[in-house]
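Q: Each residue of the sequence shown is one higher than the one before, counting from 1 in UniProt numbering. Built from N, CA and C at the ideal position, the CB exists for glycine as well.
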Amino acid sequence: MLPPCPKCGKDNFKSTRDRNTHLNRRIPCIPKIIEVISYPETIPEPSEVGNNLPNNLKYGGTSSVEELKATIDELASQMRAISWQLKNTSMDIKGVSGDITDLSNQQEAAQSKIQDLEETMSQHTASTKKSVQNLQETLSQHTASTKKSVRDLEETMSQHTALSSKSSIHSIPLSTASSKTSQFTYDPTIADLEQTEEDKEMARLYINQLLLLLRSCPLDIEEFKEGNNMLQWLFANNRIRDDKSFCWLSALLHSPKPTRISLGKPGLED
Numbered sequence: 001m002l003p004p005c006p007k008c009g010k011d012n013f014k015s016t017r018d019r020n021t022h023l024n025r026r027i028p029c030i031p032k033i034i035e036v037i038s039y040p041e042t043i044p045e046p047s048e049v050g051n052n053l054p055n056n057l058k059y060g061g062t063s064s065v066e067e068l069k070a071t072i073d074e075l076a077s078q079m080r081a082i083s084w085q086l087k088n089t090s091m092d093i094k095g096v097s098g099d100i101t102d103l104s105n106q107q108e109a110a111q112s113k114i115q116d117l118e119e120t121m122s123q124h125t126a127s128t129k130k131s132v133q134n135l136q137e138t139l140s141q142h143t144a145s146t147k148k149s150v151r152d153l154e155e156t157m158s159q160h161t162a163l164s165s166k167s168s169i170h171s172i173p174l175s176t177a178s179s180k181t182s183q184f185t186y187d188p189t190i191a192d193l194e195q196t197e198e199d200k201e202m203a204r205l206y207i208n209q210l211l212l213l214l215r216s217c218p219l220d221i222e223e224f225k226e227g228n229n230m231l232q233w234l235f236a237n238n239r240i241r242d243d244k245s246f247c248w249l250s251a252l253l254h255s256p257k258p259t260r261i262s263l264g265k266p267g268l269e270d
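Structure representation (structure tokens):
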């Protein structure tokens, strides 16, 4: 059990912190009021003077004794009035002391609540700082991941660009739809014959796309350009080996009517 307050005698402290707060508060506590000793309401009557005095004193001092008795009675009455006033004042002081004690207790409770609130605020502040740090770390990780994804995408696009530039198609004069013989001649080199797997895969892709475009004839301008480019690339890379097949595919590209074809035409390689 905690020791009581040496000033006011309060001994219902819940913790050492409450006792220290009570002892170190800005408005000091009021010392415990000692109960006022009450005086008796009645004063004993004075004893009467005996009759064994001489005659000259017995009759000569009667008036003085009566005056003294009246004075004593008046003093006794005043003392009784003062005693009642002291009692009332003591009760008032006790009431004020109780009010002051209640106010001091309320102040201590308010200070304790303020301290608890400050501790809670500090805990929330620390938690908020930790959450912000975690969020910043997560954002930095996402930013690094996004930058890496962008770099990978740029590398992939550069590879595709290099592959497209490697497989770029030079301008080749095409025969018209009405021509029956091609003016185009191509002499494949050893480098063309030694194609890589990527070129073969590109050729297969172009053949399939070209056949799909030819099935949807007549073509618009953009599709016609795309089909022409595919046809030139296939012929230049030795995928279409004779002029007859080249003329036949070129005629299909220029056909004004839809033409149904199959995938098994001679002169094409899968």
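(1) If the criterion is Cβ atoms closer than 7 Å, does the pair glutamate 108 and threonine 21 meet it?
(2) Have a look at Cys29, Met79, Ile114, Val65 and flag the residue whose alpha-carbon is nearest the alpha-carbon of aspartate 99.
(3) Take asparagine 24 as the anchor and find which of Lys94, Thr156, Ser64, Ser104 has the nearest alpha-carbon.
(4) Identify whether leucine 2 lies in helix, strand or coil by the three-state DSSP scheme.
(5) Taking only the alpha-carbon atoms, compute the straight-line gap between glutamine 85 and glutamine 78 and give it to the nearest angstrom.
(6) Please state whether DSSP places threonine 8 in a helix, a strand or coil.
(7) With the cut-off set at 7 Å, would you say lysine 10 and proline 31 are in Cβ contact?
(8) Alpha carbon to alpha carbon, what distance is there between threonine 71 and proline 3?
(9) Just confirm the distance between the C-beta atoms of residue 317 and leucine 205, as a whole number of angstroms; I'd bet it's less than 8 Å.
(10) Glutamate 118 to aspartate 18, Cα distance in whole Å?
(11) Quick check on threonine 143: buried or exposed, where buried means 16 or more other Cβ atoms within 10 Å of its Cβ?
(12) List the endpoints of the continuous alpha helix (DSSP H) containing arginine 17.
(13) Please classify isoleucine 240: does DSSP put it in a helix, a strand, or coil?
A: In brief:
(1) Taking 7 Å as the Cβ cut-off, glutamate 108 and threonine 21 qualify as a contacting pair.
(2) The shortest C-alpha to C-alpha distance from aspartate 99 to any of Cys29, Met79, Ile114, Val65 is the one to Cys29.
(3) If we check each option's Cα against that of asparagine 24, Ser104 comes out closest.
(4) Coil, per DSSP.
(5) Cα-Cα distance, rounded: 10 Å.
(6) The sequence shown places cysteine at residue 8, rather than the threonine named in the question. Note: cysteine 8 maps to coil in three-state DSSP.
(7) Judged by their CB atoms, lysine 10 and proline 31 are not nearer to each other than the 7 Å cut-off.
(8) Each residue's alpha carbon lies about 53 Å from the other.
(9) Any property of residue 317 remains undetermined from this structure, which presents the chain solely from 1 to 270.
(10) Cα-Cα distance, rounded: 16 Å.
(11) Exposed is the call here.
(12) Note, arginine 17: alpha helix (DSSP H), 16-23.
(13) The three-state reading of DSSP puts isoleucine 240 in coil, since its state is none of H, G, I, E or B.
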